[in-house]
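Participant: Protein chains in written order, with my numbering: chain A, 37 to 465; chain B, -6 to 423. Every residue, glycine too, gets a C-beta built ideally from N, C-alpha and C. All values derive from a computational prediction rather than experimental measurement.
#1: Compute the beta-carbon to beta-carbon distance between residue 316 (chain B) and residue 355 (chain B), rounded to the nearest angstrom, for a pair I have assumed lies under 8 Å.
#2: Alpha helix (DSSP H) containing residue 412 (chain B): first to last residue?
#3: Looking only at its own chain, which residues have a Cβ that is under 8 Å from the Cβ of residue -2 (chain B), when we skip the five neighbours before and after it?
#4: Which residues of the stretch 251 to 273 of chain B have a Cβ closer than 8 Å to any Cβ of chain A? Give them in chain order.
#5: Short check: CB of residue 324 (chain B) to CB of residue 239 (chain B), under 8 Å?
#6: Residue 383 (chain B) versus chain A: which residues are under 8 Å apart at the beta carbon?
#7: The stretch 332 to 357 of chain A: which residues have C-beta closer than 7 Å to a C-beta of chain B, in chain order?
#8: Closer than 8 Å, Cβ to Cβ, to anything on chain B: give me those residues from the stretch 281 to 314 of chain A, in chain order.
#9: Can you have a look at residue 6 (chain A) and say buried or exposed, based on whether 16 or more other CB atoms are within 10 angstroms of its CB?
#10: From B:185, B:285, B:232, pick the residue whose C-alpha is nearest to that of residue 341 (chain A); which is it?
#11: From residue 116 (chain A) to residue 325 (chain A), what distance separates their C-alpha atoms?
#12: Would you check if the distance between the CB atom of residue 243 (chain B) and the CB atom of residue 353 (chain B) is smaller than 8 Å?
#13: Suppose you measure from the CA of residue 200 (chain B) to the CA of residue 147 (chain B); what does that come to, to the nearest Å?
#14: If distances are taken between C-alpha atoms only, which option among A:184, A:83, A:414, A:191 comes closest to residue 161 (chain A)?
#15: With a cut-off of 8 Å, does the C-beta of residue 180 (chain B) fall near any C-beta of chain A?
#16: If I'm right that residue 90 (chain B) touches residue 330 (chain B) with Cβ under 8 Å, what's the distance once you round it to whole angstroms?
#17: For residue 308 (chain B), return the contacting residues in chain A, with the cut-off set at a CB-CB distance below 8 Å.
#18: For the alpha helix (DSSP H) containing residue 389 (chain B), name the first residue and the last one.
#19: Looking only at its own chain, which residues have a Cβ that is under 8 Å from the Cβ of residue 134 (chain A), when we skip the five neighbours before and after it?
#20: Going by the C-beta, is residue 27 (chain B) closer than 7 Å to any heavy atom of the ligand FMN?
#21: Look up residue 338 (chain B) in the DSSP assignment and give the residues it is bridged to.
#22: Taking the alpha-carbon positions, what's the residue 245 (chain B) to residue 215 (chain A) distance?
#23: Would you say residue 176 (chain B) reaches chain A, if we count a Cβ-Cβ gap shorter than 8 Å as a contact?
#24: On the DSSP letters alone, give me the boundaries of the alpha helix (DSSP H) that residue 12 (chain B) sits inside.
#25: When we look at the beta-carbon of residue 42 (chain A) and count the other beta-carbons within 10 Å, is it buried (16 or more) or exposed?
#26: Is residue 192 (chain B) close to chain A? Criterion is C-beta to C-beta, closer than 8 Å.
#27: Could you please tell me which residues of the stretch 361 to 383 of chain B, in chain order, have their CB closer than 7 Å to any CB of chain A?
#28: Hey, residue 383 (chain A) and residue 290 (chain A) are a contact pair by Cβ (cut 8 Å); roughly how many whole angstroms apart?
#29: For residue 199 (chain A), which of helix, strand or coil comes out of DSSP?
#30: When the Cα atoms are used, what is the spatial distance from residue 395 (chain B) to residue 254 (chain B)?
#31: Taking all protein chains shown into account, do 16 or more other C-beta atoms lie within 10 angstroms of the C-beta of residue 405 (chain A), making it buried, or fewer, making it exposed?
#32: Determine the burial state of residue 36 (chain B): buried for a count of at least 16 other Cβ atoms within 10 Å of its Cβ, exposed for fewer.
#33: In three-state DSSP terms, what is residue 235 (chain B)?
#34: Select from A:412, A:156, A:428, A:303 the residue whose C-alpha is nearest the C-alpha of residue 266 (chain B).
#35: Can you tell me which of the three DSSP states residue 249 (chain B) falls into?
#36: Quick check on residue 26 (chain B) - is its C-beta less than 8 Å from some C-beta in chain A?
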């Protein structure tokens, strides 16, 4: 008999009023959507609470997912997406005044704001009407609140429950320098929850699986089942409405990442300053998609004050799914110079749209791109500059070759992804 | 024509009024930065010689004050000695650095040392002890001598301090211009700093009679700047200032002869490109593991340096091989530079590049950014583009594997004498 699945919605409820969606938010939403549509008695939602989680029916889960989608900008129409319109005008050479190029943060809308707050209250105040069913599988995708151990202590007294955690990466252990001061300790607490309570794990690359096994050895859990499945692109839901396909006046590149130091935006901006000195007005454009993260002072300085950069580079965030798809699809290439990553969703998104990719030569990216991208050392600015220059025109043979290189890429799809996931969950002891 | 007071008669020699304001303010800092070094060298040249008619000027509102020359001379030599030898506690710091290089023993962190060396109020006020009652009158009342050349080498940005020059057309102001970087690379400075630099250059454009610069690159930029301000008549002396003779006189520490290490000198701020160097070191430590040479980062923490500080403070891989040294007495710095496999200077832009000139004087190989200033200041160095992490990695590996000494170039006392006599001649010619 199949076990009941209890999907943790805490993160979704809390991100309902978020200004922009991160990669993890998108993945969590994709999971939520999947479990909400499987209208089956065996799927339930759970919201973390002090003694044990509040359990909710699949119908409530569905309502929450719908509200998240309504509140998010993800599905905004490409024609009304203000962020996208701004980028597009810029690319088509409609010169905007400098002030207007500053980002105007769209508001969430009072109705959605109120709904989000109500959901938070409802989820928190809801009495535990029923317990987590026997032999259930508890599924935690977004690593929400893991640093607060008391929310998860209930798993310790329910040995019948299988707790399955999605582990996105263990980078805060390996690169504390790229996170906020003190985050390493928080992450250690988060990992303690995972390692103590988790009985099975989901990861998206073999690199993370190996690192996780290593970390679990200290907890004598090195043999725990780990499901490795490359994540499909959340953009790729089969309903992409893309607008006019005529190419913009300026060729452009795109970099999709939160502005934080691990993502190595600085390398790309230095490259662009060099290019601007070399090519002048013929410099290709660069669109950065991502909200401001942390420890990014120097990147922001460059974006704000470096003349060469402000002329040729535009940062945006909160762009709709369709807008982002359009941007990636028509870019000369997607850049991703990160120092290290657990996965690399933008690469998958770009390659499945057949957009060439220039990315760091790190094990994760080697695994994700499967030979379909140009990989360069994240410290080799000169090579990056050469690559950008040779990819800057569509007529260039280098670009044609890069485009051809993307063709063999087989993008993972959601249907297959969840089929395999369900098989994994069913197969748990 | 001779005898006491004969100097003025005999000397068709020009009187120099040297601006010591910044030096007085900087008296108590534990170690100097590049501008302090140049300022002090010039000040000592003009003021620290017996029987001179030159005066030390202290800028303040309404009118400048004059420091008694004898007092200021002893103040300057005291500063020179302080910066050269450091406070007594710096002995243990040097021992700590050595232990770190030899055995990997953790030393005192730069941040702790900086906290310890924060100057007391008493120490900061010490220069004003020159203002003894008999000197105070002169300080407050005496005017800058007639026809003097006023030399200002520190980019002050407050116009009211220079307003007195309007009433004194006989005084010829000469400005030492270090660079125009905040205007060219605003991304590397705090907005307030950019505005200050612009004001300082505005004062120069308005009042300047002549300029002294270190490199042709800066000369070109200054000319360009003056042209835009409709000043075409300003003579500019271009001469690279030689480093302190201590650099050519110092020998490497024999205890460290077998320990390969590299040095990067300069305030930790983004233009100096420490970030690239640290990334290169992380890569190097992955490739070479335990035999990775150490990198000494000499310099105080400056501005807009969050990412560099994150790497220095928190990266496991980098902390193993990189030693941050905040303040370091000049003598120790000279010794460490002399023994380094190479001095590294990956800056995106500079006006001069004192550390590479110092390294050349010490006979230490230099790996520097491929920028015009450095090509001018250090011909014969190894040049790599500041973006070219892989190129730097290669150059660093090559230097780590071979001990190379270069002939010492520049920086002898003779070079210093030649430099200052050129400056004197330039000032005379005004």
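Facilitator: Reading it off the structure:
#1: Taking the second chain and counting its residues from 1, the one referred to as residue 316 (chain B) is at position 323. Taking the second chain and counting its residues from 1, the one referred to as residue 355 (chain B) is at position 362. Contact flag wrong, Cβ pair sits at about 19 Å.
#2: In the second chain, the residue the question calls residue 412 (chain B) occupies position 419. 406 to 421 is the span of the alpha helix (DSSP H), which, as asked, contains residue 412 (chain B).
#3: As a working mapping, residue -2 (chain B) is identified with position 5 in the second chain. Because residue -2 (chain B) carries a pLDDT of 37, less than 50, the predicted location of this residue cannot be relied on, and no value is offered for it.
#4: 263, 268, 269, 272, 273
#5: Translated into the one-based positions of the second chain, residue 324 (chain B) becomes position 331. Translated into the one-based positions of the second chain, residue 239 (chain B) becomes position 246. Contact flag set, yes.
#6: Looking up residue 383 (chain B) in the second chain gives position 390. Neighbours of residue 383 (chain B) on chain A, chain order: 413, 415, 416, 418, 419.
#7: 333, 334, 337, 338, 341, 342
#8: 297, 302, 303, 306, 307, 310
#9: A question about residue 6 (chain A) goes unanswered here, because the residues of chain A that appear run from 37 up to 465.
#10: By one-based count along the first chain, residue 341 (chain A) stands at place 305. The candidate whose alpha carbon is nearest that of residue 341 (chain A) is B:185.
#11: Stepping through the first chain from its first residue, residue 116 (chain A) is reached at position 80. Stepping through the first chain from its first residue, residue 325 (chain A) is reached at position 289. Between residue 116 (chain A) and residue 325 (chain A), the C-alpha separation is close to 18 Å.
#12: As a working note, residue 243 (chain B) is residue 250 in the second chain. As a working note, residue 353 (chain B) is residue 360 in the second chain. Not in contact: residue 243 (chain B) and residue 353 (chain B) (Cβ atoms no closer than 8 Å).
#13: In the second chain, residue 200 (chain B) corresponds to position 207, counting from 1. In the second chain, residue 147 (chain B) corresponds to position 154, counting from 1. Cα-Cα distance, rounded: 15 Å.
#14: On the first chain, position 125 is the one that residue 161 (chain A) refers to. Answer by Cα proximity: A:83.
#15: Along the second chain, one-based indexing puts residue 180 (chain B) at 187. Chain A contact via Cβ: present.
#16: Numbered from its first residue, the second chain carries residue 90 (chain B) at position 97. Numbered from its first residue, the second chain carries residue 330 (chain B) at position 337. Contact doesn't hold; Cβ gap of about 13 Å is too wide.
#17: Numbered from its first residue, the second chain carries residue 308 (chain B) at position 315. Near residue 308 (chain B) (Cβ distances below 8 Å), the residues of chain A are 211, 212, 213.
#18: Reading the second chain from its first residue, position 396 is the one you call residue 389 (chain B). First-last of the alpha helix (DSSP H) with residue 389 (chain B): 382 to 394.
#19: Taking the first residue of the first chain as 1, we reach residue 134 (chain A) at position 98. Residue confidence is low: residue 134 (chain A) scores 45 on pLDDT, short of 50, so the model does not pin down where it sits. Its coordinate-derived value is still stated next. 346, listed in sequence order.
#20: What this structure holds is no ligand at all, so the ligand FMN is not there to describe.
#21: Taking the first residue of the second chain as position 1, residue 338 (chain B) is located at position 345. According to DSSP, residue 338 (chain B) bridges with B:361.
#22: Counting from 1 along the second chain, the entry for residue 245 (chain B) is found at position 252. Counting from 1 along the first chain, the entry for residue 215 (chain A) is found at position 179. If I take the Cα positions, the gap works out to 39 Å.
#23: Numbered from its first residue, the second chain carries residue 176 (chain B) at position 183. No, no contact with chain A.
#24: The residue labelled residue 12 (chain B) in the question sits at position 19 within the second chain. Counting along the chain, residue 12 (chain B) falls outside any alpha helix (DSSP H), though it belongs to the beta strand (DSSP E) covering 9 to 12.
#25: Here residue 42 (chain A) is taken as the residue at index 6 of the first chain, counted from 1. Buried is the call here.
#26: Counting from 1 along the second chain, the entry for residue 192 (chain B) is found at position 199. Chain A contact via Cβ: absent.
#27: 378, 380, 381, 382, 383
#28: The residue labelled residue 383 (chain A) in the question sits at position 347 within the first chain. The residue labelled residue 290 (chain A) in the question sits at position 254 within the first chain. In fact, because the Cβ distance is near 12 Å, the residues do not count as touching under 8 Å.
#29: Here residue 199 (chain A) is taken as the residue at index 163 of the first chain, counted from 1. Of the three classes helix, strand and coil, the one that applies to residue 199 (chain A) here is strand, per DSSP.
#30: Working through the second chain from its first residue, we reach residue 395 (chain B) at position 402. Working through the second chain from its first residue, we reach residue 254 (chain B) at position 261. Approximately 12 Å between the Cα atoms of the pair.
#31: Locating residue 405 (chain A) in the first chain gives position 369, where the first residue counts as 1. So residue 405 (chain A) counts as buried.
#32: Residue mapping note: residue 36 (chain B) aligns to position 43 of the second chain, counting from 1. Answer is buried; the Cβ neighbour count reaches 16.
#33: For this step, residue 235 (chain B) is matched to residue 242 along the second chain. Coil.
#34: The count along the second chain starts at 1 and reaches residue 266 (chain B) at position 273. Ranking the options by Cα distance to residue 266 (chain B), first place goes to A:303.
#35: Locating residue 249 (chain B) in the second chain gives position 256, where the first residue counts as 1. If DSSP states are grouped into helix, strand and coil, residue 249 (chain B) belongs with the helices.
#36: Position 33 of the second chain, counting from 1, holds the residue named residue 26 (chain B). Closer than 8 Å: no.
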